[in-house]
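Structure record follows, encoded as structure tokens.
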């Protein structure tokens, strides 16, 4: 029996991104999309999928249905991720993020799903290394693409988003205290309004 990835825990993020990109292609009809999806999840070529007995094809197609639903498993970040012989450590203390790391994160995250691997590579650093120093960034990104599961990606993003929002809220609290020290009333009110607007956006994300 042909093996097929049938859950998010075993689905590498690289294959998931291929499927997401495929779903956006308006030139691909539903049947062709199904064939391509089965090929991605099994490692078969599209021709090999089309050559399968119809009964086997239908069984494989049914196992792709998990993609129709969101991941509903437990979101739990690991202490480290062993990928392609590398031990990648997730950033947990945002106060230790370097300026270059922050700039790269902002740059990649703005580009959306197709730069998801690059975004993750700014937040997963080989053990004992500083960000983008003394290791092959391309190798890290390839390891993430080929081996990090969608379940792990979602867990990491949930963790990072929570940390990021907390960091911003802490900054807002500090700003509140500093703004109150400003003697000019108009300037104080203007800055306070800006902070409140930023806080509303963050609460909306939360």
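Numbering (the working numbering), first residue to last: 1066 to 1271.
From the three backbone atoms N, C-alpha and C, an ideal C-beta is built for every residue, glycine too.
Asked	Found
Strand pairing of residue 1068, partner residues [DSSP]	Answer is none; residue 1068 lacks a bridge partner.
Among 1154, 1177, 1227 and 1184, the one whose alpha carbon lies nearest that of residue 1165	1184
Straight-line Cα distance separating residue 1070 from residue 1115	18 Å
Beta bridge counterpart(s) of residue 1148 as assigned by DSSP	1151
Bridge partners - residue 1077, DSSP secondary structure assignment	1214
Own chain residues within Cβ distance below 6 Å of residue 1173, not counting five before or after	1180, 1183 and 1184
Check whether residue 1215 and residue 1153 have beta carbons under 8 Å apart	no
C-beta contact flag for residue 1136 and residue 1196 at 8 Å	no
Beta-bridge partners of residue 1190, as assigned by DSSP	1154
Residues sharing a beta bridge with residue 1198, DSSP	1195
Cβ pair residue 1101, residue 1087 closer than 8 Å	yes
Through-space distance from residue 1125 to residue 1103, alpha-carbon basis	7 Å
Pair within 8 Å by beta-carbon distance, residue 1082 and residue 1178	yes
Three-way DSSP call (helix, strand, coil) for residue 1161 in this model	helix
Contact belief for residue 1078 with residue 1190 at Cβ below 8 Å, rounded distance in angstroms	Not really, about 17 Å apart at Cβ, beyond 8 Å.
Cα-Cα separation, residue 1212 to residue 1157	21 Å
Minimum C-alpha distance to residue 1151 - residue among 1107, 1186 and 1080	1186
Extent of the continuous alpha helix (DSSP H) run through residue 1103	1095-1107
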